[in-house]
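**Student:**
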Amino acid sequence: CHVSLAQKRAEDMADVAPNTFDVVLLSSIVQYFPSMEYLLQVIEESIRVVKPGGMIFLGDIRNFYLMKAFHSSVQLYQATPSLSGQQLKSKIDRKMEQETELLVSPELFVALKEKHPEITHVQIRLQRGKENNELNKYRYNVLLHIEAKPGKVITPTVESGAALGVQEIETYLREQEPESVCFSGLVNSRVANDVELVELLSQPESKQNVQQLRQFFKSKESKSIEPERLYELSASLGYSLELCWSAQGSPELMDAVFVRSELAAEGIVLTPLTQKSVVGGNWNNYGNNPLISQLRKELIPQLREYLESRLPEYMVPSGLMVLSQLPLTPNGKVDRKALPVPDMASSVSTEYVAPQTETQKILAEIWAEVLGIEQIGIHDNFFDLGGHSLRATQVVSRVRQGFGNELTLQGLFESPTIAGIAKNIEVVRQLPQDKTTLISETEEYERFVL
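Residue numbering for the sequence shown follows my numbering, beginning at 117 and increasing consecutively.
(1) Using a Cβ-Cβ cutoff of less than 7 Å, which residues in the same chain neighbour Glu562 once the five nearest sequence positions on both sides are dropped?
(2) Verify whether the separation of the beta carbon atoms of Ile384 and Ile262 is less than 9 Å.
(3) Would you be able to state if there are at least three C-beta pairs under 8 Å between the region 236 to 246 and the region 353 to 368?
(4) For Ala380, is the classification buried or exposed, using 16 other Cβ atoms within 10 angstroms of its Cβ as the cut-off for buried?
(5) What is the DSSP secondary structure of Asp310, reduced to helix, strand or coil?
(6) Are the Cβ atoms of Lys339 and Arg306 separated by less than 9 Å?
(7) Who are the near neighbours of Asn304 in its chain, counting only those whose CB is closer than 8 Å to its CB and skipping five residues on each side?
(8) I need the straight-line Cα distance from Ser465 to Leu389, nearest angstrom please.
(9) Three-state secondary structure (DSSP) at Phe499?
(10) Suppose you measure from the CA of Lys631 to the CA of Leu192; what does that come to, to the nearest Å?
(11) How should Met431 be labelled, buried or exposed, when 16 other C-beta atoms within 10 angstroms of its C-beta is the threshold for buried?
(12) How many angstroms separate the CA atom of Gln319 from the CA atom of Asp310?
(13) Can the beta-carbon of Leu479 be found closer than 9 Å to that of Ala538?
(14) Rounding to the nearest angstrom, what Cα-Cα distance links Asn404 and Leu260 in this structure?
(15) What ranges does the beta strand (DSSP E) occupy inside the region 199 to 272, keeping only unbroken runs of at least 3 residues that lie completely in it?
(16) Considering only their Cβ atoms, is the gap separating Val395 from Glu160 smaller than 9 Å?
(17) Are Met152 and Tyr402 touching if we call contact CB-CB under 9 Å?
(18) Is the separation between the beta-carbon of Asn257 and that of Asp176 shorter than 9 Å?
(19) Can you list, in chain order, the residues of its chain whose CB lies under 6 Å from that of Ala126, leaving out five sequence neighbours each side?
(20) Once DSSP output is grouped into helix, strand and coil, what is the label at Ser513?
(21) By the DSSP assignment, the beta strand (DSSP E) with Ala538 in it spans what residues?
(22) Assign Val314 to buried or exposed, taking buried as 16 or more other Cβ atoms, counted over all protein chains shown, within 10 Å of its Cβ.
(23) Looking only at its chain, what residues have a beta carbon closer than 6 Å to the beta carbon of Gly267, apart from the 5 residues adjacent to it on each side?
(24) Applying the criterion that 16 or more other CB atoms from any shown protein chain within 10 Å of the CB defines a buried residue, is Val119 buried or exposed?
(25) Do His187 and Ile208 have their beta-carbon atoms positioned less than 9 Å apart in this structure?
(26) Taking the runs of the alpha helix (DSSP H) that are 4 residues or longer, which of them lie wholly in the region 380 to 433?
(27) Would you mind listing the beta strand (DSSP E) stretches within the region 337 to 382 that are 3+ residues and don't spill past its ends, in chain order?
(28) Given a threshold of 16 other Cβ atoms within 10 Å of its Cβ, counted over all protein chains shown, does Val594 qualify as buried or as exposed?
(29) Who are the Cβ neighbours of Pro272 in its own chain at under 6 Å, not counting the five residues just before and after it?
(30) So, is Gly354 buried or exposed, given that buried needs 16 or more other C-beta atoms within 10 angstroms?
(31) What residue does the beta strand (DSSP E) around Val326 start on, and which one ends it?
(32) With distances taken from CA atoms, which of Pro168, Ser189, Pro532 and Asn179 is nearest Leu224?
(33) Residue range of the beta strand (DSSP E) that Arg178 falls in?
(34) Run through DSSP, which three-state label would Ser318 get?
(35) What are the residues that DSSP puts in a beta bridge with Leu444?
Shown next, in the form of structure tokens:
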């Protein structure tokens with residue numbers, strides 16, 4: 117067995133001959149691509165190097181249509197109970213403006229069949245998992261079949277899944293015993309409340325605060341379905357299951373295709389979404405721009421420098437913020453009450469306290485480089501500044517290089533401020549040389565499960 121290993125950029129396949137591989141695997145990396153254009157470039161190169169009958173697997177993709185639902189869920193969890201709905205909405209909007217990962221609409225991959233006729237079939241599947249967390253609620257996997265010639269293409273009959281529960285589906289399958297059937301428009305319990313929260317906050321007349329919203333969803337009854345229950349049901353009745361986002365377009369809905377296991381093994385199962393006719397158009401509409409947050413951070417200091425060179429000091433605004441659009445009243449005028457309050461560190465609410473000790477100053481420089489923010493206070497929360505697990509890993513690595521101590525990811529999650537980490541470093545310096553692991557100190561922050 118010959119194995120060749122190379123480290124290179126994802127799109128760099130120029131030295132790979134056409135029709136070389138059976139499978140190209142892009143697992144949990146699409147979200148780190150810089151743009152939609154780059155993703156399309158990687159897919160195009162992957163198609164070139166895959167053999168006829170092979171496939172491209174793209175895993176752990178974040179759903180663009182659930183972007184606001186995700187941030188709404190996180191902010192509702194983290195917010196103080198007394199925060200108003202309007203204030204919560206502003207926090208959600210700011211977090212969306214700060215998004216640095218690429219989110220992709222599932223329909224992009226259906227539209228790719230028009231751009232690349234080599235893609236004969238597309239399969240889109242919800243992420244599996246029983247844990248109700250960010251890693252499976254908002255993500256999905258894609259299989260692009262290249263010049264495939266399956267023994268059979270299975271196109272099931274479609275039944276309305278509106279208001280159906282697991283029991284009704286089980287009864288149908290037992291009584292009707294279909295070879296294949298699709299239940300369209302089932303309510304996905306993983307994201308139904310998050311999508312409804314987005315709708316509630318979009319209503320101008322909504323007056324509920326965070327505590328009231330939490331209580332509303334806690335007491336709310338819904339005939340939604342946990343996706344894993346459908347997999348358990350299909351296995352118990354001898355069916356194979358294809359579970360996909362719904363072709364109806366509502367992000368909280370899903371389509372479930374049940375096919376007899378022996379029949380599914382003979383070919384490719386189509387869902388309403390993958391049969392949908394989707395025109396490519398502007399490819400950028402199928403996702404967000406993850407670079408926009410960095411561009412905003414670069415624009416603000418440039419704009420401030422420009423203003424300071426042309427205006428007297430008292431006329432230079434104390435705070436600047438870039439918005440994708442201005443909030444409007446129902447009459448079409450600027451809604452001044454809905455405008456977010458500008459600040460110097462990506463909408464961080466803590467009062468700025470400058471680094472004092474040498475340790476704090478070095479840590480502030482590390483954070484500034486990783487996060488791309490000029491001014492960081494010692495009490496600013498790393499994750500409120502736009503930090504995530506990838507950036508946390510970069511901080512841990514640089515702290516270890518700078519101080520020769522072992523800062524763990526868990527330590528950063530538990531003490532996500534410069535003050536907390538600096539205090540831990542000072543504690544470690546007092547320990548014997550053979551005990552160099554930074555431990556978490558007494559500061560506590562409310563966290564949500566990933």
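By construction, the Cβ of each residue, glycine as well, lies at the ideal position given by its N, Cα and C atoms.
**Tutor:** In terms of the structure at hand:
(1) Indexing the sequence shown from 1 puts residue 562 at position 446. At Glu562, the pLDDT of 49 sits below 50, so the modelled position is not reliable and the matter cannot be decided from this model.
(2) Locating residue 384 in the sequence shown gives position 268, where the first residue counts as 1. Locating residue 262 in the sequence shown gives position 146, where the first residue counts as 1. Not in contact: Ile384 and Ile262 (Cβ atoms no closer than 9 Å).
(3) Cβ pair count under 8 Å is three or more, so yes.
(4) What you label residue 380 is simply residue 264 of the sequence shown in a count that begins at 1. Its Cβ being crowded by 16 or more others within 10 Å, Ala380 is buried.
(5) In the sequence shown, residue 310 corresponds to position 194, counting from 1. Of the three classes helix, strand and coil, the one that applies to Asp310 here is helix, per DSSP.
(6) If you number the sequence shown from 1, residue 339 lands on position 223. If you number the sequence shown from 1, residue 306 lands on position 190. Contact check for Lys339 against Arg306 fails: the beta carbons are separated by 9 Å or more.
(7) Locating residue 304 in the sequence shown gives position 188, where the first residue counts as 1. Closer than 8 Å at the Cβ level, and outside the excluded window around Asn304, lie Leu242, Ser340, Ile341, Pro343, Glu368, Leu369 and Met370.
(8) To locate residue 465, count along the sequence shown from 1; it is residue 349. To locate residue 389, count along the sequence shown from 1; it is residue 273. Its pLDDT being 43, under 50, Ser465 is placed unreliably by the model, and nothing is read from it.
(9) One-based indexing of the sequence shown puts residue 499 at position 383. DSSP places Phe499 in coil when its eight states are reduced to three.
(10) Residue 631 lies beyond the stretch modelled for the chain, which goes from 117 to 566, so this question has no answer here.
(11) As a position in the sequence shown, residue 431 is number 315, starting the count at 1. Flag for Met431 reads exposed.
(12) By one-based count along the sequence shown, residue 319 stands at place 203. By one-based count along the sequence shown, residue 310 stands at place 194. So the alpha carbons of these two residues sit roughly 15 Å apart.
(13) Along the sequence shown, read from residue 1 onward, the residue named residue 479 stands at position 363. Along the sequence shown, read from residue 1 onward, the residue named residue 538 stands at position 422. Taking 9 Å as the Cβ cut-off, Leu479 and Ala538 qualify as a contacting pair.
(14) Taking the sequence shown and counting its residues from 1, the one referred to as residue 404 is at position 288. Taking the sequence shown and counting its residues from 1, the one referred to as residue 260 is at position 144. About 22 Å.
(15) Taking only runs of at least 3 residues, the beta strand (DSSP E) segments lying wholly in the region 199 to 272 are 235 to 242, 255 to 262 and 268 to 270.
(16) Locating residue 160 in the sequence shown gives position 44, where the first residue counts as 1. Locating residue 395 in the sequence shown gives position 279, where the first residue counts as 1. Cβ distance not < 9 Å, so Glu160 and Val395 don't count as in contact.
(17) Position 36 of the sequence shown, counting from 1, holds the residue named residue 152. Position 286 of the sequence shown, counting from 1, holds the residue named residue 402. Yes.
(18) If you number the sequence shown from 1, residue 257 lands on position 141. If you number the sequence shown from 1, residue 176 lands on position 60. For the pair Asn257 and Asp176, the CB atoms are nearer than the 9 Å cut-off.
(19) For the purposes of this step, residue 126 is taken as the residue at position 10 of the sequence shown. Val158, listed in sequence order.
(20) Position 397 of the sequence shown holds residue 513. Reduced to three states, the DSSP call for Ser513 is helix.
(21) Indexing the sequence shown from 1 puts residue 538 at position 422. First-last for Ala538: Ile534 to Arg545, but that is the alpha helix (DSSP H), not the beta strand (DSSP E).
(22) One-based indexing of the sequence shown puts residue 314 at position 198. Buried, since its Cβ has 16 or more Cβ neighbours within 10 Å.
(23) Along the sequence shown, one-based indexing puts residue 267 at 151. Its chain contains Glu382 and Gly383 as the residues whose beta carbon lies nearer than 6 Å to that of Gly267, once the 5 sequence neighbours on both sides are disregarded; these appear in chain order.
(24) Numbered from 1 along the sequence shown, position 3 holds the residue referred to as residue 119. Exposed, since its Cβ has fewer than 16 Cβ neighbours within 10 Å.
(25) Along the sequence shown, read from residue 1 onward, the residue named residue 208 stands at position 92. Along the sequence shown, read from residue 1 onward, the residue named residue 187 stands at position 71. Closer than 9 Å, so yes.
(26) Whole alpha helix (DSSP H) segments, 4+ residues: 388 to 391 and 408 to 424.
(27) Runs found: 355 to 361 and 369 to 376.
(28) The structure shown does not extend to residue 594, since the chain is modelled only from 117 through 566, so no value can be given for it.
(29) Locating residue 272 in the sequence shown gives position 156, where the first residue counts as 1. The residues are Ser296, Val297, Cys298 and Val373.
(30) Taking the sequence shown and counting its residues from 1, the one referred to as residue 354 is at position 238. By the 10 Å Cβ count, Gly354 comes out exposed.
(31) For the purposes of this step, residue 326 is taken as the residue at position 210 of the sequence shown. For Val326, no beta strand (DSSP E) encloses it; the enclosing alpha helix (DSSP H) starts and ends at Val326 to Ser335.
(32) What you label residue 224 is simply residue 108 of the sequence shown in a count that begins at 1. Nearest to Leu224 by C-alpha distance, out of Pro168, Ser189, Pro532 and Asn179, is Asn179.
(33) For the purposes of this step, residue 178 is taken as residue 62 along the sequence shown, with counting starting at 1. Counting along the chain, the beta strand (DSSP E) containing Arg178 begins and ends at Val166 to Arg178.
(34) For the purposes of this step, residue 318 is taken as the residue at position 202 of the sequence shown. In the three-state scheme derived from DSSP, where H, G and I count as helix and E and B as strand, Ser318 is classed as coil.
(35) Locating residue 444 in the sequence shown gives position 328, where the first residue counts as 1. DSSP lists Val450 as the beta-bridge partner residues of Leu444.
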